[in-house]
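Everything below concerns the one structure shown next.
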Amino acid sequence: MSIFGSRQALLAGAALAVLGAPIAFAAGNAQSAAPAPAQQATPAPSPSPTPPSASPAPSPAETAAPEGDGEEQGGGEPSAPSASNARLPTLEELESLDTDELDELLGLKPKYDIPKAQRRETTRVGILDEAEGGLPAASLAKQPQALVRAALTGTQGRLVSRWGHIALRRALASRLAAPSGMSGVEFAGLRAQLLNRMGEFSAARAIAQDVDVDVWNTRLADAAVDSYIATGDIVGACPLAVLRGGYRDDAQWDALRSICSAYGGESGRARNELARMRNAQSRGDLEDIDVLLAQRYAGAAGLGNSTVTIEWDDVDELTPWRYGLAAALGMDIPDRLLDDAGPYYQRVSASLPSLPLALRVDGARRAAREGIFSSAALIDLYSQAYAAGGNEGSIGTDAAQLRTAYVDPDPAARVAAIRALWGEDAQIPYDRQVLTAYAAARIPAGDQFSGDAAPLIAAMLAAGLDLDAARWSDVVDEGDAGWGMLAVGLPNAKQPVSNNAIDSFSDNDSSTGRARTGLLVAGLAGLGRISSGTRNTWDRELGLELGRETAWSKAIGRAGEVRNAALVSLLMGLGMQGDDWSRMTPRHLYYIVSALRQSGLEAEARMIAAEAIARG
18 MSIFGSRQAL LAGAALAVLG APIAFAAGNA QSAAPAPAQQ ATPAPSPSPT
68 PPSASPAPSP AETAAPEGDG EEQGGGEPSA PSASNARLPT LEELESLDTD
118 ELDELLGLKP KYDIPKAQRR ETTRVGILDE AEGGLPAASL AKQPQALVRA
168 ALTGTQGRLV SRWGHIALRR ALASRLAAPS GMSGVEFAGL RAQLLNRMGE
218 FSAARAIAQD VDVDVWNTRL ADAAVDSYIA TGDIVGACPL AVLRGGYRDD
268 AQWDALRSIC SAYGGESGRA RNELARMRNA QSRGDLEDID VLLAQRYAGA
318 AGLGNSTVTI EWDDVDELTP WRYGLAAALG MDIPDRLLDD AGPYYQRVSA
368 SLPSLPLALR VDGARRAARE GIFSSAALID LYSQAYAAGG NEGSIGTDAA
418 QLRTAYVDPD PAARVAAIRA LWGEDAQIPY DRQVLTAYAA ARIPAGDQFS
468 GDAAPLIAAM LAAGLDLDAA RWSDVVDEGD AGWGMLAVGL PNAKQPVSNN
518 AIDSFSDNDS STGRARTGLL VAGLAGLGRI SSGTRNTWDR ELGLELGRET
568 AWSKAIGRAG EVRNAALVSL LMGLGMQGDD WSRMTPRHLY YIVSALRQSG
618 LEAEARMIAA EAIARG
């Protein structure tokens, strides 16, 4: 059973070609113990401005200097043309120039939007400092850039594990120095692009905003624009439009620049440009709806034609541009377009406050499954739905049940409400377990609710509530599903798990090919909680091939040995791609859990192993 889909396999296979690069011994973890599992998604802190140093501030050109990655660099102040070679334009040429071209000709166009004394270095870029829960800044500084680049570009988006997503996001958001031979701007661009592919648009935007706009290269600029559109922050791209207006040459970028002109006080220019674009015979990939949405959005800046009529009848599909503008404008989007929309639009809708609550809740459920939303964030959204409409509609009914699950004084009533939220399916939707995590933690552990012990434990561990789940250790029977999750999910295991206990679990395993038993063995082996003899016995019986190595397994294993949590997290993402847990093999899980534990991320390793049993 392969971990990769066909397209992902090709991309990841290309990445694996460079995984044989040596891993530096230095720049490992500073922490000596794994942190407690995160309960909530960490809000991105605003980057503190770097205080001016005693030495003169570097010039923009120095800050943007490439460091061997070969990427196009932005920024820097172009030297003035020699007076002897300059030719004065004719009157006709002057009349044909737009405002930007005229400003550039006269030397009036700004070169940067931050005073030189406040400009930021790119030696370390990120939004999560080590003191705030980020990884050590020097983690990747001495690692080969080819290895880091392969891990970042080879990871195409969704991971099978919610906890794997959370661990990877933490690494990508950390304030890190770039690998040897790679510029800080290029490193920021690679991370922002991957965050966008993961659906972490706000984090991608924050990474881009930690770098001065005038030094962005094309990669970082593209990632920033994508994140601005996805978060509905259309005018967030305007500094780029002003400073680097010519970095792209396409109709959508021209429309965005026109919007920025409107919000910059040049309403007449914006009106004319958008009207000309709408009347043009060729607009590239833009259709009439795209220009009309731009006109409506620009109209909110006082353009004078905000009454533009938007008709969706002839629109066959959504695009990020259309969805971002329509959502920012608070427009209703036809259901027929939303029904055919892909996962991208659900991830976007989860965090856009201008959208109807029904759309946001639908998106938030996916976001919670994938690790984008914390349990607390999902609960908060249902609370908004309850406050807005009580128990009306299906979302209101769920919100009312959720309230009962948390506040009813009778534990039996709370459990009944939790069951109602889980539904009748044999496999409980994972987002429902994330939603009920804290409610499950309030249920008293005892024989009265032993029949619900396994899903209650799964719900608690979905939010990292391992100590609450530990209360059920004396309730579950050895070999039960709940026992299996606790065997890998609890901290400070006192003795190895016996072969007989795993045998009991295997007897109760109804999954195809005893897949859950394989994942349990892999998790226990990765955490060092079974003897080598027990591991070898089950390895042979289930054909797990835990000892077989590949370039990827050698790379992540070596990163774990040198306690480099950042590199382990990046390589984990590369090896954990897929739409569901059927894409994950026990062998991959073993190497991931083992490397995370060795690198100091034992809490994340335990939660991933427990999630594998709950969802595998």
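So that you can map any letter, position 36 of the sequence shown is 53 in my numbering, and since no number is skipped, the others follow by simple counting.
Glycine included, C-beta positions come from ideal geometry on N, C-alpha and C.
Since the structure is predicted, the reported quantities are computational estimates derived from the model, not experimental observations.
Collapsed DSSP secondary structure at residue i in the structure displayed
i, result
"Pro-446", "coil"
"Pro-75", "Since pLDDT at Pro-75 reaches only 42, below the 50 mark, its modelled position is unreliable, and the value read off the structure follows with that caveat. Three-state result, Pro-75: coil."
"Gln-363", "helix"
"Gln-312", "helix"
"Pro-161", "strand"
"Ser-467", "helix"
"Arg-175", "coil"
"Ser-570", "helix"
"Gln-418", "helix"
"Ser-191", "strand"
"Val-424", "helix"
"Arg-580", "coil"
"Gln-512", "coil"
"Val-378", "helix"
"Leu-145", "strand"
"Ser-411", "helix"
"Ser-197", "strand"
"Asp-266", "coil"
Short Cβ contact (8 Å threshold) for residue i with residue j
i, j, result
"Leu-618", "Ala-205", "no"
"Arg-192", "Asp-146", "yes"
"Asp-485", "Ala-458", "yes"
"Val-365", "Ala-247", "yes"
"Arg-533", "Asp-524", "no"
"Leu-591", "Ala-190", "no"
"Gly-463", "Gly-341", "no"
"Ala-471", "Ala-498", "yes"
"Gly-308", "Ile-224", "Reading the sequence as shown, one finds Val at residue 308 and not Gly. No, the pair does not count as a contact, with Cβ atoms beyond the cut-off."
"Gln-401", "Leu-374", "yes"
"Ala-452", "Ser-392", "This sequence places Leu at residue 452; Ala is not what is there. Their beta carbons are under 8 Å apart, which means Leu-452 touches Ser-392 by this criterion."
"Tyr-264", "Ala-238", "yes"
"Leu-541", "Pro-603", "no"
"Ala-648", "Gly-543", "Residue 648 lies beyond the range of the chain shown here (18 to 633); nothing can be said about it."
"Arg-175", "Tyr-447", "no"
Residue range of the unbroken alpha helix (DSSP H) whose run includes residue i
i, result
"Asp-556", "549-559"
"Thr-235", "235-247"
"Pro-428", "428-439"
"Met-502", "498-506"
"Ala-205", "201-214"
"Phe-218", "218-226"
"Ile-251", "Ile-251 -> no alpha helix (DSSP H), and no H or E assigned at all."
"Asn-289", "284-296"
"Met-624", "619-632"
"Trp-338", "337-346"
"His-353", "Strictly speaking, residue 353 in this sequence is Arg, with His absent from that position. That run of the alpha helix (DSSP H) goes 352-356."
"Pro-603", "603-615"
"Trp-598", "Element bounds for Trp-598: n/a, residue is neither H nor E."
Top-ranked residue by Cα proximity to residue i, from the options
i, options, result
"Ala-612", "Ala-539, Val-177, Gly-216, Tyr-264", "Ala-539"
"Asp-596", "Ala-190, Val-142, Met-215", "Met-215"
"Val-505", "Ile-276, Glu-558, Ala-620", "Ala-620"
"Leu-518", "Met-502, Leu-176, Met-589", "Correcting the residue identity first, residue 518 is Ala in this sequence and not Leu. When each option's Cα is compared against that of Ala-518, the closest is Met-502."
"Val-232", "Ala-626, Pro-256, Gly-301", "Pro-256"
"Met-294", "Ile-276, Gly-282, Leu-157", "Ile-276"
"Asn-581", "Leu-105, Lys-159, Arg-104", "Lys-159"
"Leu-355", "Pro-370, Pro-337, Leu-346", "Pro-337"
"Ala-422", "Leu-482, Leu-438, Gly-262, Asp-494", "Leu-438"
Exposure of residue i, with buried meaning 16 or more beta-carbon neighbours within 10 Å
i, result
"Pro-69", "At Pro-69 the pLDDT is 42, less than 50, meaning the model places this residue with poor confidence; the figure from the coordinates comes in the next sentence. The residue is exposed, with fewer than 16 neighbouring Cβ atoms inside 10 Å."
"Val-424", "exposed"
"Pro-60", "In this prediction, Pro-60 has a pLDDT of 42, which is less than 50 and means its spatial position is unreliable; what the coordinates show is noted afterwards. Exposed, since its Cβ has fewer than 16 Cβ neighbours within 10 Å."
"Leu-273", "buried"
"Ala-430", "exposed"
"Gly-560", "exposed"
"Ile-630", "buried"
"Thr-670", "The displayed coordinates of the chain run from 18 to 633. Any statement about residue 670 would go beyond what the structure contains."
"Gly-440", "exposed"
"Thr-551", "buried"
"Arg-614", "buried"
"Ser-219", "buried"
"Glu-89", "Residue placement at Glu-89 is poorly supported in this model, since its pLDDT is 47, which falls under 50; the coordinates still yield a value, given next. Flag for Glu-89 reads exposed."
"Arg-557", "exposed"
"Pro-351", "exposed"
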